[in-house]
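In what follows, a single structure is set out as structure tokens and then discussed.
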Amino acid sequence: MAGRICISPCAPADDGCSVESIEPRRNLLERIDARGRAEPVAANIDCLAIVAAVEPVPDWFLVDRYWAGALLKDIAAVLIVNKCDLAIDSLRSELANYRALGLACLEVASLTGAGIPELREALADQVTLLVGQSGVGKSSIVNALTPDAAAQTAELTRDTEGRHTTTTARWYHLRSGVDSAIVDAPGVRDFAPPASIVCAAERGFVEIHRFGLDCRFNDCRHLQEPGCAVRAAVSSERITARRYESYRRLYRLYERLAP
Ligand SMILES: Nc1nc2c(ncn2[C@@H]2O[C@H](COP(=O)(O)OP(=O)(O)OP(=O)(O)O)[C@@H](O)[C@H]2O)c(=O)[nH]1
Ligand SMILES: [Mg+2]
Ligand SMILES: [Zn+2]
């Protein structure tokens, strides 16, 4: 996945243009494939916007992993909760926890336009990659933000569930100038950042890192070790059992993929 390229038009008789230079990438978001190899997702991203909604039922583990992926690459992250025209009470406790951990959560409804001006403001002058499950409304958000975009969207039905309406990432300008854009990515069922579990624990899960500083052993994996401050924090509900389970699932995944 290349970085930005500088091009100049060829002579008028020609249709094309020539590549003058390829600039280095500022960053690269990657995922691991089924065999544990890193593959690129997107380059030169300022912000990873993880989209969730009350339907399809949120996969919070996917949200955690995307957030961890952004943290590991020092990319800003935000959670966009779309479809707020529907009752979202069932999401409240997870949202409160994410907010307490420092992840900004913006509530919008691309269908009614609620929260869209605030979202446009929050995403101005940066390149934002929209990610999340299929059907949460990523393309609908693009269309609400940039009415000329006409990104293809599709109804969520039993037939289409599991199919992805958007099949390739596409870049849409939010304002004139290359540095204000939104990239609509295809929906995914899974995502995991390439990292060791030590790295993921230290940098991908903010509260595991915070409490982990008080574990008895420096190399504590926060599983069965005595004197583990992370498990103590889970017992006293200062770390939610759901987030700890997310950490353990990622641990098991890395363990399975380890050579
Ligand atoms: N109720 C409600 N439905 C919405 C809203 N935004 C989008 N939808 C619906 O959600 C469905 C899926 O929207 P898309 O924008 O295609 O979802 P997507 O995330 O781009 O899906 P993929 O391209 O498959 O990853 C469509 O039927 C939209 O009309 C909203 O704010 N409220
Ligand atoms: Mg789409
Ligand atoms: Zn520990």
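Read in order, the letters of the sequence shown correspond to residues 244 to 502 in the numbering used here.
Note that the Cβ used here is the ideal one computed from N, Cα and C, for glycine as well.
As the structure is a computational prediction, the values presented were derived from the model and not from experiment.
| Check | Outcome |
| --- | --- |
| Sheet register partners of ASN325 (DSSP bridge) | ALA296 |
| Cβ-based neighbour list, ARG464, same chain, cut-off 6 Å, excluding 5 preceding and 5 following | none |
| Check: HIS465 C-beta below 7 Å from any heavy atom of ligand 4 | Because ligand 4 does not appear in the structure shown, any question about it cannot be addressed here, the ligands present being ligand 1, ligand 2 and ligand 3. |
| Cβ separation of GLY455 and VAL477, assumed to be a contact under 8 Å, to the nearest whole Å | The pair is not a contact, with the Cβ atoms about 12 Å apart (cut-off 8 Å). |
| ARG485 classed as buried or exposed, judged by whether at least 16 other C-beta atoms fall within 10 angstroms | exposed |
| Residue closest to ALA343, alpha-carbon to alpha-carbon, out of LEU500, LEU496, ILE482 | ILE482 |
| Backbone secondary structure at ALA277 - three-state DSSP | coil |
| Beta-carbon proximity of VAL351 to PRO299, cut-off 8 Å | no |
| Stretch pair the segment 388-396 + the segment 405-415: three plus CB contacts closer than 8 Å | yes |
| Separation of LEU362 from ALA542, as counted between CA atoms | One cannot answer for residue 542 here, as it falls past the ends of the chain, which runs 244 to 502. |
| Length of the line joining the Cα atoms of ASP422 and ASP368 | 6 Å |
| Nonlocal neighbours in the same chain, by C-beta distance under 7 Å from SER251, ignoring five residues either side | CYS260, SER261, GLU263 |
| Supposed contact pair LEU322 and VAL297 - C-beta distance, whole angstroms, cut 8 Å | About 13 Å; that fails the 8 Å criterion. |
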